[in-house]
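J.:
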Amino acid sequence: MKKKLLVPIEISARHVHLCQNDFVRLFGKRQKFKKIKNLSQSGEFVSQQTVDLYHHGYSLKKVRVVGPWREQTQVELSVTDCWHLRIKPVLRLSGELSQTTGILLKYKNKEVVLLRGVIVAKRHWHLSTKLAQQYGLLNKKKVCARVSGERGGIIDNIIIRHADNYHSHIHLDTDEANAWGLLANAKVEIIL
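As numbered in the working numbering, residues 1249 to 1440 make up the sequence shown, in order.
1) According to DSSP, is residue 1268 helix, strand or coil?
2) Look up residue 1433 in the DSSP assignment and give the residues it is bridged to.
3) Please report how far the alpha carbon of residue 1304 lies from the alpha carbon of residue 1252, in whole angstroms.
4) Between residue 1367 and residue 1423, what straight-line distance do the alpha-carbon atoms span, to the nearest angstrom?
5) Report the partner residues of residue 1340 according to the DSSP bridge assignment.
6) Taking only the alpha-carbon atoms, compute the straight-line gap between residue 1440 and residue 1272 and give it to the nearest angstrom.
7) Would you check whether the ligand ATP has a heavy atom nearer than 8 angstroms to the C-beta of residue 1276?
8) Take residue 1330 and list the residues in its own chain whose beta-carbon comes closer than 6 angstroms to its own, dropping the five residues that flank it on each side.
9) Taking the C-alpha atoms as reference points, what is the distance between residue 1416 and residue 1357?
10) When DSSP labels each residue in this structure, what does residue 1329 get in the three-state scheme?
11) On the criterion of 16 or more Cβ atoms from any shown chain inside 10 Å, does residue 1411 qualify as buried, or is it exposed?
12) Please state the DSSP three-state secondary structure of residue 1363.
13) In whole angstroms, what separates the C-alpha of residue 1437 from that of residue 1277?
14) Given 8 angstroms as the limit, is there contact between the segment 1275 to 1289 and the segment 1309 to 1323, that is, 3 or more CB pairs closer than that?
15) Tell me whether residue 1378 sits in a helix, a strand or coil according to DSSP, three-state version.
16) Should residue 1404 and residue 1326 be called a contact, given that it needs their Cβ atoms to be closer than 9 angstroms?
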């Protein structure tokens, strides 16, 4: 009997990735990221900095900034967050920002207007290249996972993202995790 491939879940709440220019415009050129804690993927961390988001008179306050800097600023929300802000949810992989909605970011009296960049992140599985090769898994292909328990079932369309320095975690947003009754670090079984 083949050993089950169990992968921990990481739950991603709303957050913002800033490019260096937007970080400076909001927080000043003398400011640096103030790291609170590291995330599961190497080099990624939760910062102390937060911004407020505004769209058509609706807002979300104190949205956490995640480091390090990105090439382009992007805002990752759940579908529930999008409905609250009156934004049409657009599913994308991180960094794929074409045809997405813009938003206003504020910190104290500073602001940045994004013409695009609001996404609902597609569920995805970070894993090492070595593990991907071991199971014959290719970048951007999809797998499914079995969730056990009373709210159990099959999670479809989990996109594979592998790199040498990745650690094995499936990223779901808060809406998805709540729907499946999953807590952080719960494990799901990959269906191969």
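Virtual Cβ for every residue (Gly too), placed ideally from N, Cα, C.
T.: So, from the listed chains and residues:
1) helix
2) Answer is none; residue 1433 lacks a bridge partner.
3) 47 angstroms
4) 14 angstroms
5) 1369
6) 45 angstroms
7) This structure lacks the ligand ATP, and indeed carries no ligand of any kind.
8) 1337
9) 40 angstroms
10) In the structure shown, residue 1329 falls within a helical segment according to DSSP collapsed to helix, strand and coil.
11) exposed
12) Here residue 1363 sits in strand by DSSP.
13) 45 angstroms
14) Yes, the segment 1275 to 1289 is in contact with the segment 1309 to 1323.
15) helix
16) no
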